[in-house]
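Under our numbering, think of the first position of the sequence shown as 1024, with each following residue one higher.
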Amino acid sequence: MVVIAIIITFGVVAVKWENNTDRYNLDNLDGLDVPRYDYMSNVELVGFNLSNPVYNNFTGDYRPVYPNITQEQYDWYFGMLPSMPKDFFSIAQLVYDGLITDYDRLSEVYYLQPEFYPGWWGTLEDRFANYDSSRWTPEGYGCYPLIKQITVKEKGTKAVVTTYFKTGYATNSYQGLIIRPYLPEHARDIRGDVIFDQPSNADRYISLNILNPDDPVYESFKDGLMYDNVGDSDWMTILKPTHQILFDEYGEKTGEVGFPSDWVRVLQLEITFSSDIPSGDYVVALKVDPPCFEINQEYYYSNEHPYYGWLYYPGGQFFRQNTPHFQVIVHIP
């Protein structure tokens, strides 16, 4: 049995625990356990819920009506995404509040919407409608939520923990990334402060693996590489741009392209615990590294895929934050 708590960042958070045998049974959530650590001390909570969604005649669904956004811009930015259902904000609020944690079962009509993520609000006009075409944003990505906490009540078992891994807003390149699971030295709150130290011999008892399949283009050429820095437990992936401006052969703007239909991925991290793991608290995390030179050369110079040449960017070089990109706090009773 695994009990889960979530910590949501980018300005909004609520913490609750859910027994994984009671998924979506919202009548049985009273008396849930209290999280063991306070990860959000002195962080202001900001709500986002729209309690009375309004039908949008431009989009034919319940996407918010944004001031000064035209029909054409709606089509550009959101045209490849699923229609937004009427109950979208109710479901998103339940995720914020920690009442839904089974992310791999949540429909893409919810998690593919940029409005699902707290960092979205205020960015549409600044980063899209009023976009400065002289600016290029090659790198941007993140996980939502940032922190999860699980209690593993049976040793010698596995847990699969999910998070949403997404491209940053108004990112212009195809980012090549290697996502690596690892055991950090410390567990940290969202400010970067240390909560507790990792047991020194944690690697004897915990093994990690990302279950997502690698990018198919990488799979097509990896066996011919002289060097490859993608490990067996890593995930080599490509994040597609969330904003591009299109030009004709004369340099005149012809349109824009916004969110692709796969700009968010459900990342599945498998954690295996040995049967003799000592009781205590452990932390598992994800980090992002750039692909090696040999991999990047394949993406740069092969025209057999849509993201070669200057459209490709080896991510993981400069984007850093004060906490890991994703953390799982593990409690072994």
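Beta carbons are placed, not taken as given, at the ideal position from N, Cα and C, and that holds for glycine.
Which residues DSSP lists as bridging residue i, in chain order
i: Gly1199; result: Ile1261, Pro1337
i: Pro973; result: This structure cannot speak to residue 973, because the chain is shown only from 1024 to 1356.
i: His1209; result: Asp1220
i: Leu1269; result: Gly1278
i: Ala1182; result: Ile1294
Three-way DSSP call (helix, strand, coil) for residue i in this model
i: Thr1146; result: helix
i: Ile1318; result: helix
i: Val1104; result: At residue 1104 the sequence reads Leu, which differs from the Val that was named. Coil, per DSSP.
i: Glu1327; result: coil
i: Arg1158; result: coil
i: Gln1136; result: coil
i: Ile1114; result: helix
i: Tyr1167; result: strand
i: Asp1299; result: coil
i: Arg1128; result: helix
i: Phe1081; result: coil
i: Asp1098; result: helix
i: Tyr1119; result: helix
Proximal residues to residue i (C-beta, below 6 angstroms), its chain only, five neighbours per side dropped
i: Asp1237; result: Met1259
i: Gln1340; result: Pro1313
Proximity to residue i [Cα-Cα], best of the options
i: Tyr1335; options: Phe1188, Pro1264, Val1311; result: Pro1264
i: Leu1206; options: Thr1093, Thr1295, Gly1339, Asp1110; result: Thr1295
i: Val1240; options: Glu1321, Glu1208, Tyr1140, Gly1179; result: Glu1321
i: Phe1139; options: Ala1115, Pro1314, Gly1303; result: Ala1115
i: Ser1230; options: Pro1161, Pro1141, Val1353; result: Val1353
i: Thr1194; options: Phe1111, Tyr1164, Ile1261; result: Tyr1164
i: Val1184; options: Pro1347, Pro1329, Leu1234, Pro1141; result: Leu1234
i: Lys1189; options: Cys1315, Ser1302, Leu1290, Pro1301; result: Leu1290
i: Asn1319; options: Asp1149, Arg1150, Leu1200, Trp1159; result: Leu1200
i: Val1280; options: Arg1086, Thr1093, Phe1101; result: Phe1101
i: Gly1254; options: Pro1204, Ala1210, Arg1288, Trp1144; result: Pro1204
Sequence-distant residues of the same chain with beta carbon closer than 8 angstroms to residue i, five excluded per side
i: Asp1226; result: Leu1206
Residues of its chain near residue i, where Cβ-Cβ distance is below 7 angstroms and the 5 sequence neighbours each way are ignored
i: Phe1270; result: Lys1276, Thr1277
i: Gly1179; result: Phe1296, Ser1297, Ser1298
i: Phe1349; result: Cys1166, Leu1169, Thr1186, Ala1308, Leu1309
Report task. Just list the beta strand (DSSP E) runs in the segment 1225 to 1263, keeping only unbroken ones of 3 residues or longer that don't cross its boundaries, in chain order. Result -> Every unbroken stretch of the beta strand (DSSP E) spanning 3 or more residues and falling wholly within the segment 1225 to 1263 is given here in chain order: 1229 to 1233, 1258 to 1262.
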